[in-house]
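Enquirer: Input: one structure, supplied below.
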Ligand code: SF4
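Residue numbers (the working numbering): 1 to 295.
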């Protein structure tokens with residue numbers, strides 16, 4: 001019988017001490033690709049992200065993360081013992097100057113199946129929101145809606161997003177500090193509509209590694225052209241620099257935070273839903289999510 005998911009035979013290690021396994025120059029693109037695909041393969045296997053017969057829509061924004069995701073998944077697809085398909089999809093948000101043509105050229109040159117969707121997300125945000133407000137939550141929700149619709153239209157049962165380990169721990173901290181919730185980004189998320197499954201194959205990769213890989217591969221990165229892009233007053237940017245400072249002073253902190261998402265001790269928190277009746281009796285208040293997902 002064919003294994004359910006068999007892209008990688010070994011079990012997970014969140015952060016191997018030597019990611020290249022002792023082979024070659026760890027900085028060379030080839031060794032970097034080897035190390036990154038291995039960990040993407042482990043994440044896929046650990047969380048059964050891809051199964052035989054899947055048609056996976058890869059959301060390609062034109063940023064380093066999504067280019068890396070598409071490239072690494074394609075490398076795994078070519079040598080995987082199970083057959084699955086990839087379709088790249090770009091959502092053009094409609095900001096002036098966005099170079100979807102550069103993305104299209106890259107996808108064509110790589111021989112990918114792809115689709116580019118023109119939208120009026122930028123217009124909707126401009127007309128619906130106060131310029132002083134943070135637009136990221138609405139923007140992320142609108143894009144997610146377009147991606148779900150596109151997945152159906154393109155016949156894809158899964159949607160792969162380029163979130164990485166830094167995104168996971170930043171979200172973990174943001175939701176605690178600004179939303180009063182302990183939650184992050186699951187590697188696999190089944191949409192409430194029962195039709196779509198979102199997967200995040202890069203949850204074991206750090207942003208720094210992806211930046212190095214994107215440089216080595218010379219991906220044609222394009223700016224999303226959103227006026228808020230790179231705004232250092234955004235909560236996520238602040239958490240990012242906070243974590244960077246902490247990591248410099250205490251190496252290993254980021255790894256420990258990521259590990260914590262796999263080591264939840266519910267009886268030691270205060271949520272009545274997860275305590276025994278002798279510990280608590282009232283239900284927890286409904287959640288109120290306001291923190292935006294990363295671009
Ligand atoms: S910074 Fe990114 S997520 Fe925020 S509004 Fe702009 S494009 Fe959307």
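For glycine and all other residues, C-beta sits at the position ideal for the given N, C-alpha and C.
Nothing here was measured: the structure is a model prediction, and the numbers come from that model.
Among the candidates 185, 174, 142 and 267, whose CA atom is the shortest distance from the CA of residue 163?
Expert: Answer by Cα proximity: 185.
Enquirer: Count the other CB atoms within 10 Å of the CB of residue 109; is the residue buried (16 or more) or exposed (fewer)?
Expert: Exposed, by the Cβ-count rule.
Enquirer: With distance defined between alpha-carbon atoms, name the residue in 274, 76, 32 and 248 nearest to residue 41.
Expert: Residue 41 has its Cα closest to that of 76, out of 274, 76, 32 and 248.
Enquirer: Among the residues of its own chain, which have a CB less than 8 angstroms from the CB of residue 174, if the five just before and after it don't count?
Expert: The residues are 235, 236, 239 and 291.
Enquirer: Under 8 angstroms from any heavy atom of ligand 1, does the C-beta of residue 116 make it?
Expert: Incorrect: residue 116 has no Cβ contact closer than 8 angstroms to ligand 1.
Enquirer: Run through DSSP, which three-state label would residue 85 get?
Expert: Strand.
Enquirer: Do residue 246 and residue 172 come within 9 angstroms of each other at the CB atom, strictly closer than that value?
Expert: Cβ atoms of residue 172 and residue 246: not closer than 9 angstroms.
Enquirer: Report the three-state DSSP secondary structure of residue 277 (helix, strand or coil).
Expert: In this structure, residue 277 counts as coil in the three-state DSSP scheme.
Enquirer: Alpha carbon to alpha carbon, how far is residue 69 from residue 227? Give it in angstroms, no decimals.
Expert: The alpha-carbon atoms of residue 227 and residue 69 are separated by roughly 25 angstroms.
Enquirer: Hey, could you find the ends of the alpha helix (DSSP H) residue 196 is sitting in?
Expert: Taken as a continuous stretch (DSSP letters only), residue 196 belongs to no alpha helix (DSSP H), as it is neither H nor E.
Enquirer: Could you name the residues that DSSP lists as bridge partners for residue 34?
Expert: DSSP, once it has assigned bridges, lists no residue as partnering residue 34.
Enquirer: The alpha helix (DSSP H) that contains residue 239, what's its start and end?
Expert: Note, residue 239: alpha helix (DSSP H), 235 to 249.
Enquirer: Following a CB-centred definition, is residue 103 positioned closer than 8 angstroms to any heavy atom of ligand 1?
Expert: Not under cutoff, so the answer is no.
Enquirer: Using a threshold of 8 angstroms, is the CB atom of residue 43 nearer than that to any non-hydrogen atom of ligand 1?
Expert: Because no heavy atom of ligand 1 lies under 8 angstroms away, the Cβ of residue 43 does not count as near it: no.
Enquirer: Taking buried to mean at least 16 other C-beta atoms within 10 Å of its own C-beta, is residue 233 buried or exposed?
Expert: Classification for residue 233: exposed.
Enquirer: Which residue marks the beginning of the alpha helix (DSSP H) containing residue 213, and which one marks its end?
Expert: Run containing residue 213: 207 to 217, per the alpha helix (DSSP H) assignment.
Enquirer: Comparing alpha-carbon positions, which option in 200, 183 and 158 lies nearest residue 170?
Expert: Per the Cα distances, 183.
Enquirer: Assuming residue 122 is part of the alpha helix (DSSP H), what are its boundary residues?
Expert: Looking at the DSSP string, the run of the alpha helix (DSSP H) that includes residue 122 is 121 to 128.
Enquirer: Starting from the C-beta of residue 220, find all residues in its chain whose C-beta is less than 7 angstroms away, skip the five residues before and the five after it, and write them out in chain order.
Expert: Closer than 7 angstroms at the Cβ level, and outside the excluded window around residue 220, lie 102 and 106.
Enquirer: Which residue marks the beginning of the alpha helix (DSSP H) containing residue 327, and which one marks its end?
Expert: The question about residue 327 has no answer here: the residues shown for the chain are numbered 1 through 295.
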